[in-house]
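Just below is one structure, and these are the notes that go with it.
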Amino acid sequence: MPNKLTATVICCFIALSLFAQKTIAIKCGNLFDAKAGVILKDQVVLVKGNIIQSVSPASSFKEKADSTIDLSGYTVLPGLIDAHTHVLLQQDITTKEYADQLLQESIPYRTLRAARSALISLKNGFTTIRDLETEGAMYADVDVKKAINRNIIPGPRMFVSTRAINTVGHYALSPEEFNWELDLPQGIQIVNGADEARRAVREQIAHGADWIKIYTDRGYYKAPDGSYHGLKNFTKDELAAISDETYGSRKKLVAHAVTHEGIQDAVSAGVISIEHGFGMDDDCIALLAKKHVYWCPTIYICDYMSEPRAKEGGMMDKYFMQTFGATFKKALDAGVKIVYGTDIGGYSWDEPQAKDFEYMVKWGMTTAQAIQSATITGAQLLDMEGKIGVVQPNAFADIIGVKGDPLQDIKILQHVQWVMKDGKVY
Ligand SMILES: [Zn+2]
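FYI, the numbering for the sequence shown is 33 to 458, going by this note's numbering.
Encoded structure:
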């Protein structure tokens, strides 16, 4: 226990360091108000340390800031949120690409590459990411997050899920495709039965998982009537154990679920969000709307991988792309909470991270709604409302600038020109 004198010294130090924090006035030609979904003209954002102090019209701004950044020729927005990334993955469109990473790259090597992914995300204007599993790189996402938070490497705010969970035989690398005599590395934590499932959740949380990710389905197919289906990965007991242990530890559950069976199982296990849902049917849309479950559709990757996967004999992504637009429109009209997420890392980090916006707008969202999916909706998903996804007093100073007006042309978000995270310019 510190004595009284030490405590006083610490308090004085904190007070002095707060006092010493510099203020920056950012002059914004256009400022996107994420809550209202409109552009405000000629605003000044005052940042102190890593927090936004005030937002006011330039005409009434009187404060003397320590420095000024002139973004009067830009549209300024809150830092974007990508709710589905893989910093530890460098594209796995083909089976070989995935296997090469797990077989030829050590986890330290993959973590070095992840540092590059994190920097790319930041430069892309995605100042917060929910990274949905390491694909065989164990708990290295927790290390990347720590290194960012300790200012060792630049990167976005990270919410991590560590290893993710699936059952035996339902994830790569598959013994069927390799020499079965080898002890193959696995892209996932494998469980069998409720006790092992519970243990995996405990282990992942102990290592720093913010979210627990499960894969509730696999083996997708199109029935003769055109409906999509898949095979279930978990028993009811396993799902119940995972859910109980996750929420009992005040963590959150998320599921990779693509078609009816997997989505129904995921929702009954109490997931906060459904990832992909490419083959979602009307029943699932109604269920998500009723239960207020978020849908993170990861659209671009489905389109991006449909051709190369078709060449390998997998036709499902092509089929999904034929109906994705209509599914998206139905979900939007039904009031499903659609959150922006890309699955980048599944496709190359050198590809655009803001590409999903284009599809969302093409399929019925207004440009403002599309940006809101990557700002206020992302913040709600992460329980960070008022802290991220908005440019307003008391929020973190995560702010980006683009040339032109993204409400007029959403593609502009693929060319972020200026990024501030936590009050620091990158
Ligand atoms: Zn993913």
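In this text, a Cβ means the ideal position worked out from N, Cα and C, and glycines have one as well.
Distances from the alpha-carbon of residue 330 to those of 138, 356 and 324 put 356 closest. If only complete runs of 3 or more residues are kept, the region 150–235 shows the beta strand (DSSP E) at 158–163, 189–192, 197–199 and 221–223, in order along the chain. Contact between residue 411 and residue 113 holds: CB atoms are separated by about 7 Å, below the 8 Å threshold.
Checking the DSSP bridge columns, you'll see residue 398 has no partner listed. These are the residues, in chain order, with a beta carbon less than 6 Å from any non-hydrogen atom of ligand 1: 116, 118, 164, 375 and 378. The residues 310, 349, 352, 353 and 356, in chain order, have a CB closer than 7 Å to that of residue 334 in the same chain once the five nearest residues on each side in sequence are set aside. In the structure shown, residue 323 adopts helical secondary structure according to DSSP, grouped into three states. Less than 7 Å separates the beta-carbon of residue 321 from that of residue 366. Of all alpha-carbon atoms in 167, 172 and 228, the one lying nearest the alpha-carbon of residue 266 is that of 228. Residue 90 and residue 170 have their C-alpha atoms some 49 Å from each other. In the three-state DSSP reduction, residue 446 falls in the helix class (H, G or I).
For residue 102, the enclosing beta strand (DSSP E) starts and ends at 99–110. Within the DSSP secondary-structure output, residue 78 pairs in a beta bridge with 57 and 86. The Cβ neighbour count for residue 377, taken over all protein chains shown within 10 Å, is at least 16; the residue is labelled buried. Contact between residue 157 and residue 432 holds: their C-beta atoms lie close to 4 Å from each other, under 8 Å.
Just measuring C-alpha positions, the residue of 197, 204, 72 and 236 sitting nearest residue 221 is 197.
Between residue 55 and residue 80, the CB-CB gap stays under 7 Å. Excluding the 5 residues flanking it on each side, residue 406 has same chain C-beta neighbours closer than 6 Å at 112, 113 and 372, in chain order. Of 422, 122, 126 and 458, the smallest CA-CA separation from residue 85 is found for 422. Shown here, residue 70 sits in a strand according to DSSP, grouped into three states.
Annotated three-state conformation of residue 65 is strand, per DSSP. Annotation: the continuous beta strand (DSSP E) that includes residue 286 extends over 284–289. Between residue 289 and residue 306, the C-beta gap is smaller than 7 Å, which places the two residues in contact. In the displayed model, residue 429 falls within coil according to three-state DSSP, outside both helix and strand.
If you ignore the 5 residues before and after residue 255, its C-beta comes within less than 7 Å of the C-beta of 261, all in its own chain and listed in chain order. Residue 129 is a Cβ neighbour of residue 123, given a cutoff of 7 Å.
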